[in-house]
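What follows is a single structure, written as structure tokens, with notes after it.
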Amino acid sequence: MTGYLTLEIKRMLRTPRFVLFAIALPTLLYLLQSGLYKDESVPGTDVKYKAYLLCGLAAYGAFVSALSTGIRIAAERSGGWQAQLRLTPLSPKAYLLSKVVVSMIVALPAPIIVAMAGGFIENVHLSAGAWVQLTLGTWLASLPFAVLGVLLGLLASADSVQIYTAGVQLGFGFLSGLLIPLTGFPSWVASAVKAIPSYWLADIGHGALLGNNNTALAVLVLGAWTVALSALVVFSYRREAALA
1 MTGYLTLEIK RMLRTPRFVL FAIALPTLLY LLQSGLYKDE SVPGTDVKYK AYLLCGLAAY
61 GAFVSALSTG IRIAAERSGG WQAQLRLTPL SPKAYLLSKV VVSMIVALPA PIIVAMAGGF
121 IENVHLSAGA WVQLTLGTWL ASLPFAVLGV LLGLLASADS VQIYTAGVQL GFGFLSGLLI
181 PLTGFPSWVA SAVKAIPSYW LADIGHGALL GNNNTALAVL VLGAWTVALS ALVVFSYRRE
241 AALA
């Protein structure tokens with residue numbers, strides 16, 4: 001499993017699309033939006049938008065990175081590589097777990113780089129604990145999206161998986177406030193999007209700025225999504241193996 005895991009990580013990091021959309025895009029969007037909001041504060045708080053935007057776009061980078069493994073899984077299914085792996089000593093559990101682990105590893109750079117852009121370019125000042133929660137906390141909270149990426153790869157074809165993945169990335173990104181802050185939307189919108197797991201991903205970082213009043217709830221919600229999606233992944237893999 002270790003050798004297979006190393007191979008998967010190298011393959012992912014060598015993909016230009018991954019570097020562009022998972023790391024460069026959220027960083028550039030953060031710098032652009034920070035320039036638009038300048039030194040404005042989030043309504044009702046003394047938190048600057050430069051800090052607030054970090055949370056959503058760091059989460060978006062981790063979210064996009066975590067989902068990206070699904071595209072490769074669909075390609076492996078289409079090319080027969082997954083069927084070949086079933087003939088090797090690599091167990092189904094090890095195969096699926098390695099995909100999730102790879103997703104989590106490649107999801108780590110994005111929140112760190114976006115946070116560095118905030119700290120070094122936009123002069124955002126946070127406590128050490130807040131920086132850790134914003135980066136490592138957001139990264140760990142992206143686990144259900146790593147599992148979701150695996151599920152998309154098991155369900156979609158190689159031709160359609162990129163469309164589904166992009167739809168999830170953009171839909172979740174806009175609706176849950178990762179790409180644009182929800183502070184300017186009506187209150188009912190902010191309430192409705194709590195049904196979307198990516199809302200709670202951003203809330204991990206927001207908790208570091210606004211107080212951790214909802215952080216425990218965010219962890220519970222994301223944990224529940226992880227369990228539910230993991231069950232669907234196992235079911236989908238076993239069903240396809242039975243039909244092969």
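Numbering-wise, the sequence shown is residues 1 to 244 according to full-length UniProt numbering. All C-beta atoms, glycine included, are put in the ideal place defined by N, C-alpha and C. Please read these numbers as outputs of a predicted model, since none were measured by experiment.
Legend entry - Spatial distance of Ile-9 from Met-104 (CA atoms): The residue you call residue 9 lines up with position 9 of the sequence shown. The residue you call residue 104 lines up with position 104 of the sequence shown. The straight-line gap from Cα to Cα measures roughly 10 Å.
Legend entry - Reduced DSSP category for Ser-41 - H, G, I as helix; E, B as strand; rest coil: Position 41 of the sequence shown, counted from the first residue, corresponds to residue 41. It is a strand residue.
Inset, instruction - Measure the alpha-carbon distance for Phe-235 versus Lys-93 and round it to whole angstroms. - result: To locate residue 235, count along the sequence shown from 1; it is residue 235. To locate residue 93, count along the sequence shown from 1; it is residue 93. Looking at the two C-alpha atoms, the distance is approximately 12 Å.
Inset, instruction - Run the CB neighbour count on Val-102, radius 10 Å, all protein chains shown included, and call it buried at 16 or more, exposed below. - result: On the sequence shown, position 102 is the one that residue 102 refers to. Buried.
Legend entry - Exposed unless 16 or more other CB atoms sit within 10 angstroms - verdict on Val-227: The residue labelled residue 227 in the question sits at position 227 within the sequence shown. The residue in question, Val-227, is exposed, as its Cβ has fewer than 16 Cβ neighbours within 10 Å.
Inset, instruction - Just grab the DSSP bridge partners of Lys-50 for me. - result: Walking along the sequence shown from the start, residue 50 turns up at place 50. According to DSSP, which records beta bridges pairwise, Lys-50 is partnered with nothing at all.
Legend entry - Candidates Ala-22, Ser-41 and Ile-180: closest to Val-124 by CA position: The residue you call residue 124 lines up with position 124 of the sequence shown. The shortest C-alpha separation from Val-124 is found at Ser-41.
Inset, instruction - Name the residue from Leu-148, Val-189 and Leu-179 whose alpha carbon lies nearest to the alpha carbon of Thr-165. - result: Here residue 165 corresponds to residue number 165 of the sequence shown, with the count starting at 1. For Thr-165, the nearest C-alpha among the options comes from Leu-148.
Inset, instruction - Step through the CB atoms of chain B and report whether any lies within less than 7 Å of the CB of Ala-130. - result: Included in the structure is just one protein chain, with no chain B present.
Legend entry - Segment contact, 8 Å Cβ cut-off, at least three pairs: the region 125 to 140 with the region 71 to 79: no
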